[in-house]
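Student:
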Amino acid sequence: MRAVDIILKKRGNSLNTSGAELSKEELEFLVGGYVRGEIPDYQIAAWLMSVYFNGMSFAETGNLTEIMLHSGETIDLSSLKNPNPFVDKHSTGGVGDKISLPLAPIVAACGVSVPMMSGRALGHTGGTLDKLESIDGYKVGLSQTEFCNIIKQCGYAMTGQTKQIVPADRLLYALRDVTGTVESIPLITASILSKKVAEGSDCLVLDVKYGNGAFMKTPELAEDLAVCMVNTLKSMGKKSAALLTCMDTPLGRKIGNFLEIEETVECLQGADVPDVMELTYSLGAHMCVFGNKARTLEEGREKCIKAVNNGSALDLFYKNVELQGGNVSKLEKEIGKRRSPHKRELVAEKDGYIYIEAYKTGVAGCSLGVGRNRTDEDVCPDAGMILRKISGDKVCKGDVIMEVYGKDEKCFDFAMPILNSAVTYSDTPDSRLHNPLVLKTITG
Ligand code: URA
C-alpha cells in the first residue's frame, strides 16, 4: 500500500468527485503508520482535508474510531469495583466553555464516578487541559494507576491523551488544529469517542454545540453530529445522550485558561452565572441518571444544585487539584488577582444593546494566547477576556465592554480589531438571545 494512493482514493477525481470509502486496512495503514512515525504530517494533512471535503460513511467513521482507540493502551477501571456505571461528559467545543470544570466535581459530589479524558484548545475553542494546566503544579498526563487512585479518592480525575493512551488522537488533533480540518463530523466523532471509550466510561453525556462559535454552525449540522456520535457509541455498546446547545455568544463572563478556572471556583462558591450553571445542571442531571444516582432528570438536577449549595462540590474540586499535584493555597490566593500585565479595554463605540459573537471572540482569544496557531506553540495561562457586559446588555458609548489580557503587547494589533467586530449594537435586544440554551436531547 502507498499513502498517496489512499489519499487519491479519498480525494476522488473527475469521475468520482466525492471520493471512495476506505477500508479498515487502508485507514489502519494511514493512522497506524502516522503514529509509528512512518507517514509524514503532510500526507496525513492531505488525507484529513479530503475527509473534510468528502466525509466518511458510518462504517468508515466506526472503523476510524476503533483504530484510534486501539492506537495505544486503554484504561481498565475494574480495580475500582464501582457498582454503578462510570459516566463522563464531552463537549464538541465552544468559547468560554468551561462546563467540564464545575460539572465533574458536582456530579462526583452526587456519587457518580467520573473518569474524564479531555482535550487541548482546538481552533478557536478552548481546551480543558490547557485550563487545568494553568493551575500551578496541576498534572494532566496521569498514569493508569494515578487515574484510578484519584477517582477512588475524590470521585473524578482529569487526564489527557498520552503517548500511551489514544496517541492517534493526540497527533491528529494537533494537526487538525493547524490545517483547517477541525469541522468534520467523522473526524470529530472519532476524536471524541476514541478518547471517551479508551478512558473506560460506560455512559457518555455529549454537549453538541451549534451556532457561530461552534464547529457545527447550524442546529441541523449539530444534530447530524449528535446522531453520528450516539449511533457510533451504541455500536460500541455504550449508552449516551447528546444535548444540542447554543454557542452563538460566549458562555459565562470569563474566557481564557486561568480565567476559566477562576470562574469555575466562583460558580462552585455559588456565584450567579446563569448560562454556565443552567448548562452544568442540565448535563449533570443526565449524568446522575446514567450513574444510578437519580431516578429522573429533575431529581438529578436537584442533587447537583444541592452539591453546589452545601459546598461539597467545591471541596471535591480543591481535593482533585491537590491530588493531581496542584497548589491549592496558591490557587486560592490567585483568584481575582492573577492577570497578564499586558492589558487593553474594549469600549463601546456607540449606545445600544450589544451582542458578542462567540466565533470572533474565540479567534481573538487564540491570538491573545488562549489557544495555539502552531502545534508547537505554548498557550499563555493568563491571556483572555473578562466580559464586563454580555450579550443583551444595554451600553452607552465609552462603557468598558471587556477587559482584554494578552501574551504580549504585539498580539493586541490583531486581537483588538477582531474583538471590536465581534460586538454588534442595536436599538432592541438581538433576536439570537431567544435561542434556547438547550435546544433538544438525542438519546441512543
Ligand atoms: N473535541 C475533541 O476532542 N475533538 C474534536 O475533534 C472536537 C472537539
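Using this note's numbering, you'd call the opening residue of the sequence shown number 27 and step up by one each time. For glycine and all other residues, C-beta sits at the position ideal for the given N, C-alpha and C.
Can you tell me which residues form a DSSP beta bridge with Thr151?
Tutor: DSSP lists Leu148 as partners of Thr151.
Student: Please identify the residue among Glu292, Ala267, Ala448 and Gly395 whose C-alpha is closest to the C-alpha of Leu323.
Tutor: Of Glu292, Ala267, Ala448 and Gly395, the residue nearest in Cα terms is Ala267.
Student: Compute every distance between the C-beta of Ile468 and the non-hydrogen atoms of the ligand URA, then say whether any falls below 6 Å.
Tutor: No, the ligand URA has no heavy atom inside 6 Å of this Cβ.
Student: Should the segment 334 to 353 be called in touch with the segment 178 to 190, which here means at least 3 C-beta pairs below 8 Å?
Tutor: Yes, the segment 334 to 353 touches the segment 178 to 190.
Student: Roughly how many angstroms lie between the CA atoms of Ala46 and Gly98, to the nearest whole one?
Tutor: C-alpha separation (whole angstroms): 28 Å.
Student: For Thr215, is the beta carbon positioned less than 6 Å from some heavy atom of the ligand URA?
Tutor: Answer for Thr215: no, Cβ out of range of the ligand URA.
Student: Within the present structure, is the beta-carbon of Ile218 separated from the nearest heavy atom of the ligand URA by less than 6 Å?
Tutor: True, at least one ligand heavy atom lies under 6 Å from that Cβ.
Student: Please report the residue range of the alpha helix (DSSP H) in which Glu172 lies.
Tutor: First-last of the alpha helix (DSSP H) with Glu172: Gln170 to Cys180.
Student: Should Gly145 be counted as a contact of the ligand URA given a C-beta to heavy atom distance under 6 Å?
Tutor: Correct: Gly145 has its Cβ closer than 6 Å to the ligand URA.
Student: Opposite Tyr78 in the DSSP bridges: which residues?
Tutor: Tyr78 is not bridged to any residue.
Student: Assign Thr275 to buried or exposed, taking buried as 16 or more other Cβ atoms, counted over all protein chains shown, within 10 Å of its Cβ.
Tutor: The residue in question, Thr275, is buried, as its Cβ has 16 or more Cβ neighbours within 10 Å.
Student: Could you check what DSSP says for Asp233 in three-state terms: helix, strand or coil?
Tutor: DSSP places Asp233 in strand when its eight states are reduced to three.
Student: What residue range is occupied by the uninterrupted alpha helix (DSSP H) comprising Val389?
Tutor: Run containing Val389: Ala384 to Leu394, per the alpha helix (DSSP H) assignment.
Student: Would you tell me roughly how many angstroms separate the C-alpha atoms of Asp301 and Gly239, rounded to the nearest one?
Tutor: Asp301 and Gly239: Cα-Cα distance of roughly 15 Å.
Student: What is the rounded straight-line gap between the Cα of Met184 and the Cα of Lys423?
Tutor: Whole-angstrom Cα-Cα distance: 43 Å.
Student: Just the C-alpha distance for Lys35 and Lys50, rounded to the nearest angstrom, thanks.
Tutor: When rounded, the distance between both Cα atoms is 14 Å.
Student: Using the Cα positions of Ile93 and Pro141, report the straight-line distance between them to the nearest angstrom.
Tutor: One C-alpha to the other measures close to 21 Å.
Student: Could you work out which residue in Arg458, Gly38, Gly296 and Gly278 is closest to Thr244 when comparing CA atoms only?
Tutor: Ranking the options by Cα distance to Thr244, first place goes to Arg458.
Student: Using a 10 Å radius around the Cβ and a threshold of 16 neighbouring Cβ atoms, would you call Gln295 buried or exposed?
Tutor: Exposed, by the Cβ-count rule.
Student: Keeping to the same chain, check which residues put their C-beta closer than 6 Å to that of Cys392; ignore five residues upstream and five downstream.
Tutor: So the list reads His150, once near-sequence residues are dropped.
Student: Can you determine whether any heavy atom of the ligand URA sits closer than 6 Å to the C-beta of Gly163, and answer yes or no?
Tutor: Checking the Cβ of Gly163 against the ligand URA gives no.
Student: What does the Cβ neighbour count give for Ala85, buried or exposed, with the cut at 16 atoms within 10 Å?
Tutor: Under this definition Ala85 is an exposed residue.
Student: Does Asp31 come out as helix, strand or coil in the three-state DSSP assignment?
Tutor: It is helical.
Student: Is the distance from the Cβ of Ser169 to the Cβ of Asp195 below 7 Å?
Tutor: The answer is no: Cβ separation not under 7 Å.
Student: Relative to the C-alpha of Cys174, which residue among Ser105, Val430 and Asp341 is closest?
Tutor: The candidate whose alpha carbon is nearest that of Cys174 is Ser105.
Student: What is the DSSP secondary structure of Ser452, counted as helix, strand or coil?
Tutor: Three-state result, Ser452: strand.
Student: Please report how far the alpha carbon of Leu12 lies from the alpha carbon of Met27, in whole angstroms.
Tutor: Shown here, the chain extends from 27 to 470; a query on residue 12 therefore has no answer.
Student: Mind listing, in chain order, the continuous alpha helix (DSSP H) runs of no fewer than 4 residues lying wholly within the segment 214 to 291?
Tutor: You should have 245 to 261.
Student: Where are the beta strand (DSSP E) runs, 3 residues long or more, that stay fully inside the segment 94 to 129, in chain order?
Tutor: Those beta strand (DSSP E) runs which fall completely within the segment 94 to 129 and span 3+ residues are 113 to 117.
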